[in-house]
Amino acid sequence: MDRCHNTLCEQGYLILRSVIPAGEMSVVRGLTDRIVACASRNLEDPFAKYYLRHRADQGTLYDLYQRHPEFQPLAKIPAVLDALESVLGPDIFLYENCLVYKPRDRRNGVPWHQDFLSRPDEPVKYIAWMAIDNVTRANGAMKIIPGSHLKGFLPWHRVKGETHHDRVNPECVDESKAIHAELAAGDVLVFNQMLLHSSDEVDSELPRRAFRVSYQGFDAISTPRGTPIVLRGGTPESLAQRFPNPYTPPVQVKEDIARRCLHAIGWRLLKA
Ligand SMILES: O=C(O)CCC(=O)C(=O)O
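Following this note's numbering, the numbering of the sequence shown begins with 1 at its first residue and continues without gaps.
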């Protein structure tokens, strides 16, 4: 626990080797082939109302945890949650999740960025990037700059219409310090959202798929969409300690009640 905490705090990342059980790997690998094949047909998706639309053209399929129960054990791998607990504390929820892969016929590079750049005021998030295939430089390993998270959020810009549109300004990235995070299938790269990362455009026959899960502690509870899903902790005592204020209904609820009362009074006066 201390080793994880120190490495994640100092380097901003940690690689956990062979932590995805073999049985789960083979289930997820077969399923992923089918999910990608179907998503590539861009069919109508009843879940898009609740979750993000898949972007097969960008190699990103969203909310697999919610859409396919086979992904749920991956988001709860004890070794990953233990490492996360060392930096996030005992209460952890799922903030966002997606499958990331590199479609061969597309511009599939990912420019240098930090995650959730447009939400800098939210509590810190850590990401577990779970290798479903062997990941090497040749098929598009993640490039990371160790320690870069220590600078906090860096100046960034948005390139409209582009895949991975939020990018850190190039002058803030010292590529000479980058390393490739090569992983075997079943390894997990855990990193701080502020760690600078990217991946090269590749044209490889070898698939490069990863299940990417973002986690947050309970300092504030919100997600970009859907609902937060508690993955560890969340005891009633912990909630009571963190959120000790009595419940006050949101303003809109109060307004609805007031409107209904006025309506009822109005009817009675009309009838009288
Ligand atoms: O899969 C990639 O190449 C990049 C993924 C990424 O940027 C991320 O997980 O935040």
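For glycine and all other residues, C-beta sits at the position ideal for the given N, C-alpha and C.
In the structure shown, the three-state DSSP call for Gln72 is helix. Following the DSSP letters along the chain, one finds Ile145 in no beta strand (DSSP E), marked with neither H nor E. A distance of 8 Å or more separates the beta carbons of His113 and Val159.
Collapsing the DSSP output to three states places Arg119 in coil. With respect to the 8 Å criterion, Phe93 and Val28 are not classified as neighbours on the basis of their beta carbons.
Contact between Leu195 and His157 is absent: CB atoms are separated by about 19 Å, not below the 8 Å threshold. Counting along the chain, Thr60 sits inside the beta strand (DSSP E) bounded by residues 60 to 62. One alpha carbon belongs to Ile229, the other to Ala272, and they sit about 52 Å apart. Judged by DSSP secondary structure, Pro111 falls within the beta strand (DSSP E) whose first and last residues are 110 to 113. Going by DSSP, Asp105 is part of no alpha helix (DSSP H) at all; its letter is neither H nor E. For Met25, the uninterrupted alpha helix (DSSP H) segment begins and ends at 22 to 39. In this chain, Ala56 is not harboured by any beta strand (DSSP E), its DSSP state being neither H nor E. Shown here for Glu237: not one same chain residue has a beta carbon closer than 7 Å to its own, the five before and five after excluded. Taking a C-beta distance under 8 Å as the contact criterion, Ile35 and Val188 do not qualify as a contact pair. Membership of Asp82 in any beta strand (DSSP E) is not indicated; the residue belongs instead to the alpha helix (DSSP H) covering 78 to 88.
Residue burial is scored here from C-beta neighbours: Tyr13 has at least 16 other C-beta atoms within 10 angstroms and is therefore classed as buried. Three or more beta-carbon pairs separated by less than 8 Å are not found between the region 78 to 90 and the region 107 to 121, which leaves the two stretches without contact.
Sequence-distant partners of Thr223 (beyond 5 residues in either direction) whose C-beta falls short of 6 Å from its own C-beta, in its chain, are Tyr95. DSSP places Lys160 in the coil class of the three-state scheme, outside both helix and strand.
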